[in-house]
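Beneath this line is the structure, given in structure tokens, with notes to follow.
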Amino acid sequence: MSNFSTDDNVAEATQPMTRAEKRQARRMRRFDNPWLNPKLLWGAGLLLGIVLLGILGRILWNLDLVFTGSATLKLPPVGFENLRRQPGVWDHPLGTDGSGRDMLALIVIGAPNSLFVGLLASLIGMTTGIVLGFTAGFVGGRTDDVIRVLSDVMITIPPLLILVVFQSAFGDVSLTMMALLIAGFVWQSPTRLIRAQVLSMKQSGYVQMARLSGAPTSHIMFREMLPNLIPYLFGSFIANVTTSIVTAVGLEVLGLGPQRIPTLGRTIYEAINAGALIQNLWWWWGIPTLLLAVMFIGLLLINLGLDEVSNPRLRRLS
Amino acid sequence: MSRIPRSYLLNRLVTLVLTILIAATLIWIIPRLSPVDPAEIALGRMAAGAGSVANADEILAQLRAQMGIDQPLIIQYFKYLGGVLVFDFGLSTASFPTPVSALIAQALPWTLGLMVLSLVITFVIGNLLGALMVWERSPRLVKVAIPAAMVFTSIPPILSGLLLMWIFAAKLQWFPLTGSYGLTVEPGWSWDFAQSVIHHGFLPALSIIVVTFGFWALGMRGLMITVQGEDYTTLAKAKGLRPRYILYRYMIRNAILPQITAFALKIGLLIAGQVLVERIFAYNGMGKLLYDAILDQDFPVIQGVSYVIILMTALSVFLVDLVYPFIDPRVRHEAA
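Residue numbers (the numbering used here), protein chains in the order written: chain A, 1 to 318; chain B, 1001 to 1336.
In structure tokens form, the structure reads like this:
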């Protein structure tokens, strides 16, 4: 089958391929384009599902149900009974929480919120990291020392604890504010990564060549070096999204974070405080937990997929 | 000590001191920027207890003097730094007049115990499994089952904690739901107490272990793939050394070095995760102390706990850096 071969001068196969051969051929094609590996696609699919939940939910579901007391308290999801022997109803397919809020409306609003915090914080951290990393790698000298020591120092300080101090002093924060605060703690690892890569790339042949042919520094940075960094940057970006969401959820579970907007972490916080575990109100804490788990698994799969892109040794045909 | 190059040691020491200084300063500055006045919170607490408070202004002034917040900021700052060095964070406002350091001293052993135990277990299990995933002689089951199980290791321990708590404590009732030892046992060096502590600590430790071993396994897998292709591995095989000997002494021995550095980078997140696990299990450690302090708006305790945890993180990073030259002699030779 010539369309599975990289060589043009091959005779057409005379026999149809067996299943094993077809599988092998699929793997070969995948090998040609590392960005199409199944882990990456599955991970992206899971995250897309959460975004879709947010979009479709806003169109199809009545979000006023997210207000306290808009329904009977502690109703179970459809098909289950709660301790008071009330069956679930289709008006609230995922049940209601301890103050009568509809779980479906809660997650439609809450799940994209968590993702938003993660993406925004990581984006800001990434941009800062790219700027600082390139500066440190290119300028060198005293500037490099300051940036290196500062990122070494900040990487050991767990963001959660500083943010706990911040939020308990300032009280309520908005979602964007929380993302900005977290961003202050996720620029270190991209900075270190890019600095190290820039230092090693500076010695490489193609950069030396560009420099000798008189290319401006900005050209070397953005046209010669940056494209080579893309898989690493993506990987570091996704890892930071995970860190940011973990930090945000951590704050919410401690009862900090935004107080007036539904978030998954805050829902879990309220469920624990109301003793949902003993009362067997599993849907109250279970549904947000499950969604967060899906989000983290999606991010991990994307990260593993990106690893295969940047480290071809992990791609195997077997 | 003479075997560690001085420049390396100096570099690490500067990082350690700077980390502690920056963390302490952040913790001090942030509440000062906030409009909330701790004296008013204390007064509010008194008013809530007594119904009404006479001479509120006088009491406020006295409280401010007692807390030292009537002095210029710069003096406050240096007094604070001096206090922090000897672990003096002032008095708790919620359980007045207990010193914050006494509260922390009570909670710290629990946190440290849980941390060391779960860290050691995850590090050993994770690295071993990661190595087995690459090793050509490991059973097929290992190569299929571990990657599948590892998907769940991206989840923060608080979520696995909730799940384990629901299954094993609420549903099956094999383990107690909350606390770090039973109400009926007397704390002390007795068998009953130890049994109760293990019984209570099992689920918190497990919820940390199941979600963190994958981090090490993943890293180890990547490193092992690199080591597998090295010439010395091929040579060892060609010499006819026993496969198990090659695995432990040649492959893992070399692959584990970057993992130890990763340990230093990861430890902050691990400790933060553990704080949350302690909070949901109401485990008597720093996490519960922090959570209670947040509820009570007890600033000295929040500051003290945050500082001590950051200090713990910085010190463990420093220790790893200090031990590293002994594990990887190349660091010693390069600088010499």
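Ideal Cβ positions, reconstructed from N, Cα and C, are used throughout, including at glycine.
CA nearest to the CA of residue i, picked from the options
i: Phe80(A); options: Pro93(A), Gly129(A), Ile238(A); result: Pro93(A)
i: Met1150(B); options: Met1115(B), Leu1103(B), Ile1209(B), Pro1109(B); result: Ile1209(B)
i: Leu160(A); options: Ala1061(B), Ile1271(B), Ile1125(B); result: Ile1271(B)
i: Gly1268(B); options: Gly1240(B), Tyr1307(B), Ala1293(B); result: Tyr1307(B)
i: Val131(A); options: Asp97(A), Ile162(A), Ser244(A), Leu233(A); result: Leu233(A)
i: Trp1028(B); options: Ala1105(B), Gln1076(B), Ala1238(B), Pro1187(B); result: Gln1076(B)
i: Ile1309(B); options: Phe1326(B), Ala1105(B), Glu1040(B); result: Ala1105(B)
i: Phe1202(B); options: Ala1169(B), Pro1329(B), Gly1219(B); result: Ala1169(B)
i: Leu340(A); options: Leu299(A), Ala215(A), Trp282(A); result: Absent from the model: residue 340(A). The displayed extent of chain A is 1 to 318, so no value can be given.
i: Ile1121(B); options: Phe1215(B), Gln1195(B), Ile1155(B); result: Phe1215(B)
i: Thr156(A); options: Thr1313(B), Pro1157(B), Gln1066(B); result: Thr1313(B)
i: Ile261(A); options: Gly88(A), Arg85(A), Leu106(A), Leu60(A); result: Leu106(A)
i: Val78(A); options: Arg195(A), Gln86(A), Phe67(A), Trp90(A); result: Trp90(A)
i: Gly1082(B); options: Asp1231(B), Ala1024(B), Phe1318(B); result: Ala1024(B)
i: Trp187(A); options: Val139(A), Ile124(A), Arg195(A); result: Ile124(A)
i: Arg1045(B); options: Val1185(B), Phe1096(B), Asp1231(B); result: Phe1096(B)
i: Trp1110(B); options: Pro1187(B), Leu1159(B), Gly1222(B); result: Pro1187(B)
i: Ile1074(B); options: Ile1059(B), Leu1114(B), Asp1037(B), Arg1032(B); result: Arg1032(B)
i: Val139(A); options: Ser189(A), Leu264(A), Gln86(A), Thr217(A); result: Thr217(A)
Under the three-state DSSP convention, the category residue i falls into
i: Pro1258(B); result: helix
i: Glu81(A); result: strand
i: Leu94(A); result: coil
i: Leu1091(B); result: strand
i: Asp1231(B); result: helix
i: Asp1057(B); result: helix
i: Asp1321(B); result: helix
i: Pro76(A); result: coil
i: Ser318(A); result: With a pLDDT of only 35 at Ser318(A), under 50, the local geometry of the prediction cannot be trusted, and no value is derived from it.
i: Pro1329(B); result: helix
i: Met1(A); result: Only weak support exists for where Met1(A) lies, its pLDDT of 44 falling under 50; the coordinates are left without a value.
i: Pro1005(B); result: coil
i: Asp1192(B); result: helix
i: Leu299(A); result: helix
i: Asp172(A); result: coil
i: Asp1070(B); result: coil
i: Pro1035(B); result: coil
i: Asp1298(B); result: coil
Whole-number beta carbon distance between residue j and residue i, since they are thought to touch under 8 Å
i: Gly257(A); j: Ala248(A); result: 7 Å
i: Arg101(A); j: Leu75(A); result: Actually they do not touch by this definition, with Cβ atoms about 11 Å apart.
i: Ser1034(B); j: Ala169(A); result: 4 Å
i: Gly320(A); j: Leu1276(B); result: Limits of chain A in this structure are 1 at one end and 318 at the other, which puts residue 320(A) out of reach.
i: Gly133(A); j: Val198(A); result: 6 Å
i: Ile245(A); j: Met295(A); result: 7 Å
i: Ala1039(B); j: Arg1064(B); result: 5 Å
i: Gly1219(B); j: Ala1264(B); result: About 13 Å; that fails the 8 Å criterion.
i: Ala1194(B); j: Leu1129(B); result: The Cβ separation is near 29 Å, so there is no contact.
i: Asp97(A); j: Trp284(A); result: 5 Å
i: Ile1294(B); j: Val164(A); result: 7 Å
i: Ile238(A); j: Ile302(A); result: 5 Å
i: Ile1158(B); j: Val253(A); result: 6 Å
Residue environment, residue i, which counts as buried when at least 16 other CB atoms sit within 10 Å
i: Ser151(A); result: buried
i: Arg19(A); result: exposed
i: Ser1101(B); result: buried
i: Ile220(A); result: buried
i: Ile1198(B); result: exposed
i: Asn1127(B); result: buried
i: Leu317(A); result: In this prediction, Leu317(A) has a pLDDT of 42, which is less than 50 and means its spatial position is unreliable; nothing more can be read from the coordinates.
i: Thr1098(B); result: exposed
i: Lys1288(B); result: buried
i: Ala203(A); result: At residue 203(A) the sequence reads Gln, which differs from the Ala that was named. Classification of Gln203(A): exposed, given that the 10 Å Cβ count is below 16.
i: Tyr1080(B); result: buried
i: Phe954(B); result: This structure cannot settle anything about residue 954(B), because the visible part of chain B is limited to 1001 through 1336.
i: Asp1298(B); result: buried
i: Asp307(A); result: buried
i: Leu1319(B); result: exposed
Q. Taking one C-beta from the stretch 1194-1206 of chain B and one from the stretch 1157-1171 of chain B each time, how about it: are there three or more such pairs within less than 8 Å?
A. Three or more pairs of CB atoms, one per stretch, sit closer than 8 Å, so the stretch 1194-1206 of chain B contacts the stretch 1157-1171 of chain B.
**Q.** At least 3 beta-carbon pairs within less than 8 Å: the stretch 1301-1320 of chain B vs the stretch 1130-1137 of chain B
**A.** Flag = no, the stretch 1301-1320 of chain B and the stretch 1130-1137 of chain B do not touch.
**Q.** At least 3 beta-carbon pairs within less than 8 Å: the stretch 1254-1267 of chain B vs the stretch 1275-1290 of chain B
**A.** Fewer than three pairs of CB atoms, one per stretch, sit closer than 8 Å, so the stretch 1254-1267 of chain B makes no contact with the stretch 1275-1290 of chain B.
Q) Is the stretch 179-190 of chain A close to the stretch 219-230 of chain A, with three or more CB pairs under 8 Å? A) Counting C-beta pairs with one atom in each stretch, the stretch 179-190 of chain A and the stretch 219-230 of chain A have fewer than three that are closer than 8 Å, which means they do not touch.
Q | Given 8 Å, three or more beta-carbon pairs between the stretch 1224-1239 of chain B and the stretch 1173-1185 of chain B | A | Using a Cβ-Cβ distance cut-off of 8 Å, the stretch 1224-1239 of chain B and the stretch 1173-1185 of chain B are not in contact, since fewer than three pairs of beta carbons, one from each stretch, lie closer than that value.
Q. For the 8 Å Cβ check, are there 3 or more pairs between the stretch 288-307 of chain A and the stretch 272-280 of chain A?
A. Result no; under three Cβ-Cβ pairs closer than 8 Å.
Q: Evaluate the contact criterion for the stretch 46-54 of chain A versus the stretch 109-127 of chain A: three or more CB pairs, one atom per stretch, below 8 Å.
A: Judged by Cβ distances under 8 Å, the stretch 46-54 of chain A makes contact with the stretch 109-127 of chain A, as three or more pairs qualify.
Q | Sufficient close CB pairs (3 or more, under 8 Å) joining the stretch 208-218 of chain A to the stretch 144-158 of chain A | A | Remark: fewer than three beta-carbon pairs, one from each stretch, lie closer than 8 Å, so the stretch 208-218 of chain A and the stretch 144-158 of chain A are not flagged as touching.
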